[in-house]
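Heads up: the structure comes next, in structure tokens.
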Amino acid sequence: MKRLLSGIKPSGDLNIGGYGGALRQYVKLQHDYESFFFIPDYHAVTVYQDPKELHERTRDVAALYLAAGIDPGRSTIFLQSQVPAHTELGWLLETQAHFGELKRMTQFKEKSEGKDVVSSALFTYPVLMAADVLLYQATHVPVGDDQKQHLELTRDVAERFNKRFGLTFTLPEPIIQDIGSRIMGLDDPGKKMSKSNPNQNSCVLLMDSPDDIRRKFSKAVTDSEGQVRHDWEQKPAVSNLIEIYSVFADEEIAVIERRYEGQGYGVFKKELAEVVIQKLLPIQDKYRQLVDSSELDRILIDGAKRAADVASDTLLAAKKAMGFVTF
Ligand code: ATP
Ligand code: LTN
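FYI, numbering that gives the first Met the number 0 numbers position 187 of the sequence shown as 186, with every residue one higher than the one before it.
Now the structure itself:
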């Protein structure tokens, strides 16, 4: 049986990077896998989150999962903090993860750079992520390119555990798509479009108004060549915009290049904005209907129960394998 697990942190307003790298894939893949989509709220608090904002954003992400097309009848949707097995297995796995390998994690290096104080949870973050995945015996994990290293660590920790204590965990494979797995900032194609980037013009949010989306794309950096051509080496900014177009229109890069041949960046950027707006408007409408509904609560409560059933079996197996007294 193929099983999928993935999640988006409620650490900021969801942007089109998270949509292209993760959410869009979730919606497609749920038809081919038994799927678990969760909200890693415990991961979000590895850096400070205002309590009121965390509360709101957690509901926002859940509502956006549904609005984008995740079907709660087919897939299990839940909050990490509602299933205590995550932190319990996280602790057990910390005994198998090495200090040195955690120190090499690029996300930790990036997020801790230049900070006077860094939480120890930010450091052990990838081990909790390993627990998220391994608890469900996930065979596949759809993620953006930046999470590849964390999944390699997940596999290493699982392998180490299995060797030492007997076969307990399934080794998961990442699913990283060719196009859309690394959407870059509109102001700087050298930096990943990120929820945590303070520059407002750098990212388009899923809940941005049509006018904001038009303004942000019209300000996006390009180059002086004037040709809509995909070439990451020579033309990273334009290539990024073409990839966003491809993700939102569900069209091949070559088709887009041909359509805008000889047209310059002005027309291309305008039409790109419209493609994104057309995709987002229905998602935004559904989000508004769902975000404060009791239906959302019901889906999350039900999802946590279903998730806990699966997770508690794996946790028990891991505890037994390690020699804990269990009843
Ligand atoms: P933060 O910036 O707060 O760390 P994030 O956006 O990097 O947040 P998540 O929201 O948890 O982190 O990411 C959810 C998923 O979206 C992950 O699989 C991640 O790889 C993917 N993702 C995030 N940003 C991008 C991006 N710019 N391009 C493609 N995929 C992305
Ligand atoms: N680390 C991921 C979020 C995350 C995740 C997971 C993704 C936490 N646990 C399990 C996939 C599977 C991030 O920073 N985007």
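In this text, a Cβ means the ideal position worked out from N, Cα and C, and glycines have one as well.
None of the values given here were measured: they were computed from a predicted structure.
Annotation for Gly179 indicates a beta carbon at 7 angstroms or more from all heavy atoms of the ligand LTN. Sequence-distant Cβ neighbours of Ser208 in its own chain, meaning closer than 8 angstroms and more than five residues away, do not exist here. Rounded to the nearest whole angstrom, the CA to CA distance from Val324 to Lys318 is 8 angstroms. Every unbroken stretch of the beta strand (DSSP E) spanning 3 or more residues and falling wholly within the region 47-85 is given here in chain order: 75-78.
Beta bridge pairing from DSSP links Asp230 with Lys234. Boundaries of the beta strand (DSSP E) around His139: 139-141.
For Pro173, the three-state secondary structure derived from DSSP is strand. Taking Asp222 as the centre and dropping the five residues before and after it, the same chain places the C-beta of Lys234, Ala236, Val237 closer than 7 angstroms to its C-beta, in chain order. By the 16-neighbour rule on beta-carbons within 10 angstroms, Gln146 is buried. Counting along the chain, the unbroken alpha helix (DSSP H) around Ser217 starts and ends at 209-218.
Inclusion of Leu127 and Tyr47 in the CB contact set at 8 angstroms is not warranted, their separation being larger than that value. The closest heavy atom of the ligand ATP lies less than 7 angstroms from the beta carbon of Ala21.
Just measuring C-alpha positions, the residue of Gln148, Met192, Thr167, Val117 sitting nearest Ile175 is Gln148.
Comparing C-alpha distances from Val246 to each of Asp186, Lys8, Arg159, Lys278 shows the shortest one belongs to Lys278. With contacts defined by Cβ atoms closer than 8 angstroms, Val275 and Ile212 form a contacting pair. In its chain, beyond the 5 residues on either side, Gly6, Phe37, Ile38, Pro39, Asp40, Tyr41, His42, His85, Asp131 have a beta carbon closer than 8 angstroms to the beta carbon of Gln79.
Around Leu295, the same chain offers Arg58, Ala61, Ala62, Leu65, Leu289 as residues with beta carbons nearer than 8 angstroms, after the five sequence neighbours per side are excluded. Between Tyr286 and the set Asn239, Glu270, Ile69, the nearest pair of CA atoms involves Ile69. Relative to the ligand LTN, the beta carbon of Asp144 is positioned no closer than 7 angstroms to any heavy atom.
Runs of the alpha helix (DSSP H) lying entirely within the region 98-132, each at least 4 residues long, are 98-102, 105-111 in chain order. With fewer than 16 other Cβ atoms from the protein chains shown falling within 10 Å of its own Cβ, Ser293 counts as exposed. Apart from sequence neighbours up to five positions away, the residues of its chain that approach Trp231 with a beta-carbon distance below 6 angstroms are Ser238, ordered along the chain. Between Gly179 and Glu242 a beta carbon distance of about 6 angstroms is seen, short of the 8 angstroms cut, so the two are scored as contacting. Straight-line spacing of the CA atoms in Phe168 and Phe35 works out to 17 angstroms. Note on the region 257-302: whole alpha helix (DSSP H) runs with a minimum of 4 residues are 263-289, in chain order.
Set against 7 angstroms, the gap from the CB of Ile174 to the closest heavy atom of the ligand ATP is not smaller.
Each of Phe77, Asn14, Val116, Asp12 was checked against the Cα of Asp308, and the nearest Cα belongs to Phe77. By the C-beta density criterion, Leu92 is buried, having at least 16 other C-beta atoms within 10 angstroms.
With 16 or more other CB atoms across the displayed protein chains lying within 10 angstroms of its CB, Gly143 is buried.
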